[in-house]
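Encoded as structure tokens, the structure appears first; notes follow it.
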Amino acid sequence: MKRILQIGSAFMGVIIGAGLASGQEILQYFTSFGYMGIIATIISTALFAYLGFILARLGSRMKATSHKEAIYKVSGWKWLGLIVDYIIIFTLFGVGVVMIAGAGSIFSQQFGLPSAAGILVMSILVVITIMMNIDAVEKVIGSITPFLILSVIGVSIYSILTMELSFADLEPVAAGLTSSLPNWFISGINYASFNIAVGASMALLMGGNEDDEKTASIGGLVGGLGIGAIIVLSNLAIFSKIDTVADAAMPMLKLVNDISPVLGFVYAVILFGMVFNTAIGMFFAFAARFTDVGTSKHKIFVIITGIAAFILSFVGFTDLVALFYPLIGYLGLFLIFALIIAPFRISSIKQDAQSSRESA
Numbered sequence: 129m130k131r132i133l134q135i136g137s138a139f140m141g142v143i144i145g146a147g148l149a150s151g152q153e154i155l156q157y158f159t160s161f162g163y164m165g166i167i168a169t170i171i172s173t174a175l176f177a178y179l180g181f182i183l184a185r186l187g188s189r190m191k192a193t194s195h196k197e198a199i200y201k202v203s204g205w206k207w208l209g210l211i212v213d214y215i216i217i218f219t220l221f222g223v224g225v226v227m228i229a230g231a232g233s234i235f236s237q238q239f240g241l242p243s244a245a246g247i248l249v250m251s252i253l254v255v256i257t258i259m260m261n262i263d264a265v266e267k268v269i270g271s272i273t274p275f276l277i278l279s280v281i282g283v284s285i286y287s288i289l290t291m292e293l294s295f296a297d298l299e300p301v302a303a304g305l306t307s308s309l310p311n312w313f314i315s316g317i318n319y320a321s322f323n324i325a326v327g328a329s330m331a332l333l334m335g336g337n338e339d340d341e342k343t344a345s346i347g348g349l350v351g352g353l354g355i356g357a358i359i360v361l362s363n364l365a366i367f368s369k370i371d372t373v374a375d376a377a378m379p380m381l382k383l384v385n386d387i388s389p390v391l392g393f394v395y396a397v398i399l400f401g402m403v404f405n406t407a408i409g410m411f412f413a414f415a416a417r418f419t420d421v422g423t424s425k426h427k428i429f430v431i432i433t434g435i436a437a438f439i440l441s442f443v444g445f446t447d448l449v450a451l452f453y454p455l456i457g458y459l460g461l462f463l464i465f466a467l468i469i470a471p472f473r474i475s476s477i478k479q480d481a482q483s484s485r486e487s488a
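Count along the sequence shown from 1, add 128, and you get the number used in the numbering used here.
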């Protein structure tokens, strides 16, 4: 059970980054559709649960050390594997840069410090952490996640219990917000697609680090359901106070600050931790795609990647989110398609893995 929770918590930690934990993604993808946005959160939850289960299961079965081999075997067709591989590479680096930029925004908005300070601190922390092995990375990611989960649950319950207007009264306000997605159904699918593209590589690596396939599978399932629960609760919390947080860059942080500035400070620290979670997950998997973890080549690659990400992050958090997130969501549909057909190929993958072990 402990291992299941560790895998599930780490999977949640990779995906719950700056956008989800801050509430901005939730506002754009779900709350802006009012009542129908609640249904969209359920669609995303179902997809997260299924895809988390499949990814961790495949990783364990194939003893994955990077996403490349697993994705090509799961896809079946070389062209599909190639597309998905490059989408994941693009996603890992792009979202990693967005997370580092997000650290700058937290320093600026909550603490009144130069955004460059947050970017520098995050870049250094990420490079140092990635120098550790996968076990250490899992523990770092998983250890921070429970604090965010408890915070979101507490804030959500408080927000709903202290509602001054009913959801019926707030529906027109929520539905009147601008969304980058055309409708609630596409939004629910796109959100899961984007985030699975973000978390697929690390989910495969975490599964590959677990010998027991059942444990890995349940861990991925638990992580997916946990992500869904956070989405549902966050959406209800923001919906319940949409009249006061609609214009906030970080709605969840605004909710906490409205409760207490002291709690707002604490939540900002936790939010920084979640940005850190996602950043190390992205860059660790990105480096593992091109180099063998723990080698000198790997360390040099990580340092070069960190410097490049540091420079690019100065484009700005908001602009980077607007550029990467919707695009990755649509591109990620290729990955979802590959994972949907994965169960039909699961037996052949198992036989291939067994044959490889026997020949070795």
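Virtual Cβ for every residue (Gly too), placed ideally from N, Cα, C.
Q. Per DSSP, what kind of secondary structure is Gly354 in: helix, strand or coil?
A. Here Gly354 sits in helix by DSSP.
Q. For Ile359 versus Ile154, is the C-beta distance shorter than 8 Å?
A. It is a contact, given that the beta carbons lie within the stated cut-off.
Q.
Can you look up Gly401 in the DSSP assignment and give me helix, strand or coil?
A. DSSP places Gly401 in helix when its eight states are reduced to three.
Q) Would DSSP call Pro389 helix, strand or coil? A) The three-state secondary structure of Pro389, taken from DSSP, is helix.
Q) Roughly how many angstroms lie between the CA atoms of Tyr458 and Asn318, to the nearest whole one? A) Cα to Cα, the separation comes out at about 6 Å.
(Q) Buried or exposed for Leu220, going by 16 or more other Cβ atoms inside 10 Å? (A) Leu220 should be labelled buried.
Q. Gly409 and Ile132 look like a contact to me (Cβ under 8 Å); what is the Cβ gap, rounded to whole Å?
A. Not really, about 19 Å apart at Cβ, beyond 8 Å.
Q) What is the rounded straight-line gap between the Cα of Gly444 and the Cα of Asp340? A) Cα to Cα, Gly444 sits roughly 42 Å from Asp340.
Q. Thr518: buried (16+ other C-beta within 10 angstroms of its C-beta) or exposed?
A. Past the boundaries of the shown model lies residue 518; the chain is included only from 129 to 488, so the question cannot be answered.
Q) Taking the Cβ atom as the reference point for each residue, do Val280 and Leu361 lie within a distance shorter than 8 Å? A) Against a cut-off of 8 Å, the Cβ pair of Leu361 and Val280 comes out as a contact.
Q: Output the residue ranges of the alpha helix (DSSP H) runs that lie fully inside the stretch 296-364 and measure 4 residues or longer, sorted by chain position.
A: As far as the stretch 296-364 is concerned, its whole alpha helix (DSSP H) runs of at least 4 residues are 312-336.
Q | Simplified DSSP state of Val514, which is helix, strand or coil | A | This structure cannot settle anything about residue 514, because the visible part of the chain is limited to 129 through 488.
Q: Output the distance between the C-alpha atoms of Ile428 and Ile258, rounded to the nearest integer angstrom.
A: Each residue's Cα considered, the two are about 11 Å apart.
Q | Residue nearest to Ser150 in terms of C-alpha spacing, selected from Ile324, Leu276 and Gly434 | A | Ranking the options by Cα distance to Ser150, first place goes to Leu276.
Q | Helix, strand or coil at Phe411 [DSSP, three-state] | A | Phe411 carries a helical assignment under DSSP once its states are collapsed to helix, strand and coil.
Q) With distances taken from CA atoms, which of Ala437, Lys369 and Leu253 is nearest Pro300? A) Minimum Cα-Cα distance from Pro300 among the listed residues Ala437, Lys369 and Leu253 corresponds to Lys369.
Q) Does the beta carbon of Arg185 sit closer than 8 Å to a beta carbon anywhere in chain D? A) In summary, chain D is missing from the structure at hand, where a single protein chain is found.
Q) How many Å lie between Phe286 and Val421 at the Cα? A) According to the sequence displayed, residue 286 carries Tyr and not Phe. Cα to Cα, the separation comes out at about 44 Å.
Q. Under 8 Å, do Val255 and Val430 count as touching if we go by C-beta distance?
A. It is a contact, given that the beta carbons lie within the stated cut-off.
Q: Starting from the Cα of Gly316, find the closest Cα among Gln134, Gly141 and Gly162 and give me that residue.
A: Of the residues Gln134, Gly141 and Gly162, the one whose Cα lies closest to the Cα of Gly316 is Gly162.
**Q.** Of the listed residues Asn323, Gly246 and Ser308, nearest to Ser160 (C-alpha basis)
**A.** Selected option, being the one with the closest Cα: Ser308.
Q) Quick one: is Asn363 buried, meaning 16 or more other Cβ sit within 10 Å of its Cβ, or exposed? A) Around the Cβ of Asn363, a 10 Å sphere holds 16 or more other Cβ atoms; the residue is buried.
Q | Same chain, Cβ closer than 6 Å to Leu353, five either side skipped, listed in chain order | A | Taken in chain order, the residues that qualify are Ala177.
Q: Using 10 angstroms around the beta-carbon of Val326, count the other beta-carbons present and answer buried if the total reaches 16, otherwise exposed.
A: Looking at its Cβ environment, which holds 16 or more other Cβ atoms inside 10 Å, Val326 is buried.
Q) Does the Cβ of Ala88 have 16 or more other Cβ atoms within 10 Å, making it buried, or fewer, making it exposed? A) Lying outside 129 to 488, the shown extent of the chain, residue 88 is not represented and no answer is given.
Q.
Rounded to the nearest angstrom, what separates Met164 and Val223 at their Cα positions?
A. So the alpha carbons of these two residues sit roughly 28 Å apart.
Q.
Let me check understanding here. Comparing Cα to Cα, which of Ile456, Thr343 and Tyr453 lies closest to Lys130?
A. Comparing Cα-Cα distances from Lys130 to each of Ile456, Thr343 and Tyr453, the minimum goes to Thr343.
Q: Specify the secondary structure class of Leu241 as computed by DSSP and reduced to three states.
A: In the three-state scheme derived from DSSP, where H, G and I count as helix and E and B as strand, Leu241 is classed as coil.
Q) Using the C-alpha atoms, what's the distance from Gly434 back to Ile252? A) Going from the Cα of Ile252 to the Cα of Gly434 covers about 8 Å.
(Q) What would DSSP say about Ser209, mapped onto helix, strand or coil? (A) Per the sequence shown, the amino acid found at residue 209 is Gly instead of Ser. Helix at Gly209.
**Q.** Exposed unless 16 or more other CB atoms sit within 10 angstroms - verdict on Ile135
**A.** Buried, because 16 or more other Cβ atoms sit within 10 Å of the Cβ of Ile135.
Q: Label Asp375 either buried or exposed according to how many other C-beta atoms from any shown protein chain fall within 10 Å of its C-beta, with 16 as the threshold for buried.
A: With fewer than 16 other Cβ atoms within 10 Å, it is exposed.
Q: Kindly indicate the opening and closing residues of the alpha helix (DSSP H) around Gly187.
A: Counting along the chain, the alpha helix (DSSP H) containing Gly187 begins and ends at Tyr163 to Met190.
Q: Sort Gly230, Val373 and Leu298 by Cα distance to Leu383 and report the nearest one.
A: Ranking Gly230, Val373 and Leu298 by Cα distance to Leu383 puts Val373 first.
Q: For Phe462, collect the residues of the same chain with a Cβ closer than 8 Å to its Cβ; drop the 5 residues on either side in sequence, then sort them by chain order.
A: The residues Leu208, Ile211, Val212 and Ile215, in chain order, have a CB closer than 8 Å to that of Phe462 in the same chain once the five nearest residues on each side in sequence are set aside.
Q: Apply the 10 Å Cβ neighbour rule to Gly351 and answer buried if 16 or more other Cβ atoms are within range, or exposed otherwise.
A: With 16 or more other Cβ atoms within 10 Å, it is buried.
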